[in-house]
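**Q** When we follow the working numbering, the leftmost residue of the sequence shown carries the number 894, and every step to the right adds one. The beta-carbon is built from N, C-alpha and C at its ideal position, and this holds for glycine as well.
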Amino acid sequence: MCSRIWAFSFAFFFFLRAQSGQRPAPGDCTFFTRKEILRLFYRYRDLAPQLVPLDYTDKPAVTLPYELIASMPELKDNPFRQRIAEVFSEHGDGNMTLDNFLDMFSVLSEMAPRDLKAYYAFKIYDFNNDDYICKSDLEKTVNKLTRNELTPEEVSLVCEKVIYEADVDNDGKLSLEDFQHMIIRAPDFLSTFHIRI
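1. Would you report the Cα separation of Asn1021 and Phe1015, rounded to the nearest angstrom?
2. Closest to Thr926 by CA distance: which of Ser999, Phe1082, Asn988 and Ala954 is it?
3. Can you tell me which of the three DSSP states Ile1090 falls into?
4. If you draw a straight line from the alpha carbon of Pro1080 to that of Asn1041, how long is it in whole angstroms?
5. Applying the criterion that 16 or more other CB atoms from any shown protein chain within 10 Å of the CB defines a buried residue, is Phe901 buried or exposed?
6. Please confirm if the region 1061-1073 is in contact with the region 979-994, defined as three or more CB-CB distances below 8 angstroms between the two stretches.
7. Rounded to the nearest angstrom, what separates Ala1005 and Glu1058 at their Cα positions?
8. Who are the Cβ neighbours of Asp1019 in its own chain at under 8 angstroms, not counting the five residues just before and after it?
9. To the nearest angstrom, report how far apart Pro919 and Val1061 are at their CA atoms.
10. Helix, strand or coil for Met997 per DSSP?
11. Going along the chain, which residues of its own chain have a beta-carbon closer than 7 angstroms to the beta-carbon of Val945, five neighbours each way excluded?
12. Would you identify the three-state DSSP class for Met989, choosing helix, strand or coil?
13. Leu961 and Ala941: beta carbons closer than 7 angstroms?
14. If you run the structure through DSSP and keep just helix, strand and coil, what is Leu947?
15. Given Leu933, which residues of its chain have a CB within under 8 angstroms of its CB, disregarding the five upstream and five downstream residues?
16. For Arg1078, count the other beta carbons within 10 Å of its own beta carbon; 16 or more makes it buried, fewer makes it exposed. Which is it?
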């Protein structure tokens, strides 16, 4: 009974928003069906049922802390879980609203296009948030991917090779365009940069 009431409230909220001419919130525009959005809402709510109300008609200001987001099975073993949460969170702190949560799952879904995935992968690997992936960003990325099993010399060699191969404009760092060009040559990118719901 509660799920039917919530589902109606959820649908009615989006109907009212559309009728009022308000710009859609980020969570309104996903690659999910209504059923999948409801499933994700319940996943979000299950992380903190005491904080997340069943009725979202008034769009409550609920934000779940990073620690709860990071504990999800889909993220808990991912070496980039903190960066993923930071990139998709509203304030860059890893704490997530329902819209942030839906956005994250939408971009990481199998239905999201390659360009969108590449954009967010770039943001995740851009640790210093300067809109470039520099050698320092690459070192952090390689260390996370290898779980710090390479020597500093090996990490440096890998990073130099990546920059040499992918840096189209030879400025010593990767722009979004450089990164997207590199991703085109990675056939397994789409199959690895996703989370199933």
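**A** Based on what the coordinates show:
1. 12 angstroms
2. Ser999
3. coil
4. 25 angstroms
5. Below a pLDDT of 50, predicted positions are generally treated as unreliable, and Phe901, at 41, falls in that range; the measurement from the model is reported next regardless. Answer is exposed; the Cβ neighbour count stays below 16.
6. no
7. 27 angstroms
8. Tyr1025, Ile1026 and Asp1030
9. A caution first: Pro919 carries a pLDDT of 40, below 50, which makes its placement in the model too unreliable to give a value.
10. helix
11. Tyr937, Arg938 and Val955
12. strand
13. yes
14. coil
15. Phe925, Phe994, Leu995, Phe998 and Ile1090
16. exposed
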